[in-house]
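Enquirer:
Protein chains: 2
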Amino acid sequence: MPESRNTKAKIRKAALRLFAERGYNAVSMRDLADAVGMRQGGLYNHFEGKQVLLSDLMETHMVGLLEALDTAMAGISGTRARLEAFVRHHVSHHLNYPDDVFLAYMEVRSLDSDNRARITVLRNRYEHVLRKILEDGCTQGLFRIGDAAVHARMLLAMMTGVTVWYRDSGRLSRDEVVELYLGAALQSVGLAAVQS
Amino acid sequence: MPESRNTKAKIRKAALRLFAERGYNAVSMRDLADAVGMRQGGLYNHFEGKQVLLSDLMETHMVGLLEALDTAMAGISGTRARLEAFVRHHVSHHLNYPDDVFLAYMEVRSLDSDNRARITVLRNRYEHVLRKILEDGCTQGLFRIGDAAVHARMLLAMMTGVTVWYRDSGRLSRDEVVELYLGAALQSVGLAAVQS
DNA sequence: CGGAAATGTGAATGACTGTTCATTCATACG
DNA sequence: CGTATGAATGAACAGTCATTCACATTTCCG
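Heads up: the sequence lines are chains A and B, in that order. In terms of our numbering, the first sequence is residues 1 to 196. In terms of our numbering, the second sequence is residues 1 to 196.
#1: Does DSSP put A/Ser110 in a helix, in a strand, or in coil?
#2: For B/Val63, which three-state DSSP category applies?
#3: Measure from the alpha carbon of A/Phe143 to the alpha carbon of each residue in B/Gly78, B/Ala68, B/Ala192, B/Ala33, then state which is nearest.
#4: Mind checking B/Glu67: buried by the 16 CB within 10 Å criterion, or exposed?
#5: Within 10 Å of its beta-carbon, does A/Gly23 have 16 or more other beta-carbons around it, so buried, or fewer, so exposed?
#6: When you compare the segment 87-94 of chain B with the segment 153-172 of chain B, are there three or more beta-carbon pairs, one atom per stretch, that lie closer than 8 Å?
#7: Pop quiz: B/Asn25 and A/Ala26 are said to be a contact at Cβ under 8 Å. What is the actual Cβ separation, rounded to whole angstroms?
#8: Check this for me: beta carbons of B/Met159 and B/Val63, under 8 Å apart or not?
#9: How would you call B/Ile76, buried or exposed, if buried means at least 16 neighbouring beta carbons within 10 angstroms?
#10: Report buried or exposed for A/Met1, applying the criterion of at least 16 other Cβ atoms within 10 angstroms of its Cβ.
#11: Any contact of the segment 174-185 of chain A with the segment 131-139 of chain B, i.e. 3+ C-beta pairs under 8 Å?
#12: Using a Cβ-Cβ cutoff of 8 Å, what residues of the segment 133-147 of chain B are near chain A? List them in chain order.
#13: Just to check my reading of the structure: B/Ser55 and B/Leu18 have Cβ atoms closer than 8 Å, yes? What is that Cβ distance to the nearest angstrom?
#14: Hey, does A/Tyr181 have any beta-carbon neighbour from chain B nearer than 8 Å?
#15: Excluding sequence positions up to five away, which residues of its chain have a Cβ less than 7 Å from the Cβ of B/Thr7?
#16: Step through the CB atoms of chain A and report whether any lies within less than 8 Å of the CB of B/Ser188.
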């Protein structure tokens, strides 16, 4: 039983890595089994199938993302502070789980319609938190933006893109990158960044 | 011969549509032939194979993007004006050719290494134009940004994301969307948008 | 008109796909 | 000790994949 959980975790880890790197359709169950160090048939002792595995990975990630968001926003009041908390959470989470994020972003279209619907609900809930912050900032006259809904999508695309280029071996630390994105996000809504 | 060119164009058009919609690996040559209205064997009279077709589509798009950029920037001087021209060009081009852009963004990893190298050169050249503008703005003390290279990637990700959500049937026109992105981009570098 | 070149067909190729299954193995329990 | 259990195997399944090819058909040009 303990060994079982271990194998299941190894499969999930390898699948996450391979799906993110090559794409869901470009990874065969044989590739996956090889990466785990077993034969293809054994995978089905742990997952019903490839599609279930994908949606499982995605849902786990989205739920974790939403939980991390709740934690990050807990007790934060004030529109500006909430925006700062959101940006810091989003960028650092994406830096810490690049494969999860990349997969959830790229492979939505590989989900069958039922699974896609479930994931989309979670995604919309996430996006809505940011949009609400931006709308609040607008009605308070705090932010200067053209359209809250569009601006939310702009910021999410901007921040999510960090996974495409960031490497730990590069010249910038994760914290530095977070602060860079924070500065850009704040200025984009018409706020000046804090002086350091 | 005229009929040939017609078919070739039809194949490219259908391939672009299908690849962008379902992903390169999820589209079979049968699907493609069906969409064009012919049998799979005939496709090979026009393209050496699937991989060549993909890289052909991508290269055509990247070359076209760079040409459109040259046109858009021709004769524009002044750092702020150049930034405005870049943003307007990028967003409107992406609104006009969403499939091309989406494909070039999503399917780089489906290219074999030779083709990927060629495309990456073109992509870097494009990115470099924006980075140069941002660096100029920094040295002139015009922009207030933390890091020109990172900011270039932030803006490109932000703007490119427009293809993910924009629909002509929505509440906003393409021109309105361009102006929204322009305003956000200008504010993100510490400039105020022009009053309308 | 004639022949050659271009273009399309439909079947065939072998490799690979996700999934199933009888079997084996090692361990845990009474 | 016998037996139940979860896990891994390796072969087999039916289907799909990109690609090739011999053969028809169409189109072009002299």
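Virtual Cβ for every residue (Gly too), placed ideally from N, Cα, C.
Expert: So, to answer that:
#1: Here residue 110 of chain A corresponds to residue number 110 of the first sequence, with the count starting at 1. Helix, per DSSP.
#2: Looking up residue 63 of chain B in the second sequence gives position 63. In the structure shown, B/Val63 sits in a helix (DSSP, three-state: H, G or I).
#3: Taking the first sequence and counting its residues from 1, one reaches residue 143 of chain A at position 143. For the set B/Gly78, B/Ala68, B/Ala192, B/Ala33, the Cα lying nearest the Cα of A/Phe143 is the one of B/Ala192.
#4: Working through the second sequence from its first residue, we reach residue 67 of chain B at position 67. Burial state of B/Glu67 is exposed, judged by a 10 Å Cβ sphere holding fewer than 16 other Cβ atoms.
#5: Stepping through the first sequence from its first residue, residue 23 of chain A is reached at position 23. Under a 10 Å Cβ-count criterion, A/Gly23 is classified as buried, with 16 or more other Cβ atoms of the shown protein chains found around its own Cβ.
#6: By the Cβ criterion, the segment 87-94 of chain B is in contact with the segment 153-172 of chain B, since at least three pairs of Cβ atoms, one from each stretch, lie closer than 8 Å.
#7: By one-based count along the second sequence, residue 25 of chain B stands at place 25. By one-based count along the first sequence, residue 26 of chain A stands at place 26. That belief holds up - the Cβ atoms of B/Asn25 and A/Ala26 are roughly 5 Å apart, short of 8 Å.
#8: Here the question's residue 159 of chain B lines up with position 159 in the second sequence. Here the question's residue 63 of chain B lines up with position 63 in the second sequence. It is not a contact, given that the beta carbons lie outside the stated cut-off.
#9: The residue labelled residue 76 of chain B in the question sits at position 76 within the second sequence. Flag for B/Ile76 reads exposed.
#10: To locate residue 1 of chain A, count along the first sequence from 1; it is residue 1. Reliability fails at A/Met1, whose pLDDT of 42 lies under 50, so the model's placement of it is uncertain and the value that follows must be treated cautiously. Residue environment: A/Met1 is assigned as exposed (fewer than 16 neighbouring CB atoms within 10 Å of its CB, all protein chains considered).
#11: Proximity of the segment 174-185 of chain A to the segment 131-139 of chain B falls short of the contact definition, fewer than three beta-carbon pairs being nearer than 8 Å.
#12: Going along the segment 133-147 of chain B in chain order, one finds Arg144, Ile145, Gly146, Asp147 with a Cβ nearer than 8 Å to chain A.
#13: Position 55 of the second sequence, counting from 1, holds the residue named residue 55 of chain B. Position 18 of the second sequence, counting from 1, holds the residue named residue 18 of chain B. Actually they are not in contact, since the Cβ atoms of B/Ser55 and B/Leu18 sit about 16 Å apart, beyond 8 Å.
#14: Counted from its first residue, the first sequence places residue 181 of chain A at position 181. Yes, A/Tyr181 counts as interfacial toward chain B.
#15: Taking the first residue of the second sequence as position 1, residue 7 of chain B is located at position 7. His46.
#16: As a first step, residue 188 of chain B is located in the second sequence; it is residue number 188 there, counting from the start. Yes, contact with chain A.
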